[in-house]
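Accompanying notes for the structure given below.
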Amino acid sequence: MSSHTLFNLRTKRNLEINELTELLNKKYGTHYEPHQLWEWENHQHEPNFKDAMILADFFDTPYQMLVESKYKEYQQHIDDIDIRL
1 MSSHTLFNLR TKRNLEINEL TELLNKKYGT HYEPHQLWEW ENHQHEPNFK DAMILADFFD
61 TPYQMLVESK YKEYQQHIDD IDIRL
């Protein structure tokens, strides 16, 4: 996740981590714990694709912003492929 993306999205809406956790769980039927969101915000872990899609939908933002390092890694793999006809 790019530097402070989730933190910035959350604080822009004046939400505490606990509040965001409750809203996500209620809206999407997830079972997040506040520590998970904290870990995503503090670069301990990156959300998987499903979680990134949920966050992107909630914040109305492109999912790529939330999985930037994986997105760049996959893009690098694609760029490294040499296809010759």
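Numbering-wise, the sequence shown is residues 1 to 85 according to UniProt numbering.
Backbone N, C-alpha and C fix where the C-beta goes; we use that ideal spot for every residue, glycine too.
(request) Can you have a look at Phe49 and say buried or exposed, based on whether 16 or more other CB atoms are within 10 angstroms of its CB? (result) Here residue 49 corresponds to residue number 49 of the sequence shown, with the count starting at 1. Counting Cβ neighbours within 10 Å, Phe49 comes out exposed, since fewer than 16 surround it.
(message) I'd like the span of the alpha helix (DSSP H) that includes His35, first residue to last.
(response) As a working mapping, residue 35 is identified with position 35 in the sequence shown. That run of the alpha helix (DSSP H) goes 34 to 41.
(request) Quick one: using the 10 Å Cβ neighbour count with 16 as the cut-off for buried, is Asp60 buried or exposed? (result) Residue mapping note: residue 60 aligns to position 60 of the sequence shown, counting from 1. It is exposed - the Cβ of Asp60 has fewer than 16 other Cβ atoms within 10 Å.
(message) Can you look up Arg10 in the DSSP assignment and give me helix, strand or coil?
(response) The residue labelled residue 10 in the question sits at position 10 within the sequence shown. In the structure shown, Arg10 sits in a helix (DSSP, three-state: H, G or I).
(message) Classify Thr11: buried if its beta carbon has 16 or more other beta carbons within 10 angstroms, exposed otherwise.
(response) To locate residue 11, count along the sequence shown from 1; it is residue 11. So Thr11 counts as exposed.
(message) Using only the alpha-carbon positions, how far apart do residue 171 and His4 sit?
(response) Nothing about residue 171 can be reported from this structure: the residues present for the chain run from 1 to 85 only.
(request) Give the single residue among Glu41, Asn42, Phe58, Phe7 whose Cα lies nearest to the Cα of Gly29. (result) One-based indexing of the sequence shown puts residue 29 at position 29. Ranking the options by Cα distance to Gly29, first place goes to Phe58.
(request) Could you spell out where the alpha helix (DSSP H) holding Asp51 opens and where it closes? (result) To locate residue 51, count along the sequence shown from 1; it is residue 51. Asp51 -> alpha helix (DSSP H) spans 49 to 59.
(request) To the nearest angstrom, report how far apart His45 and Glu39 are at their CA atoms. (result) Along the sequence shown, read from residue 1 onward, the residue named residue 45 stands at position 45. Along the sequence shown, read from residue 1 onward, the residue named residue 39 stands at position 39. Cα-Cα distance, rounded: 6 Å.
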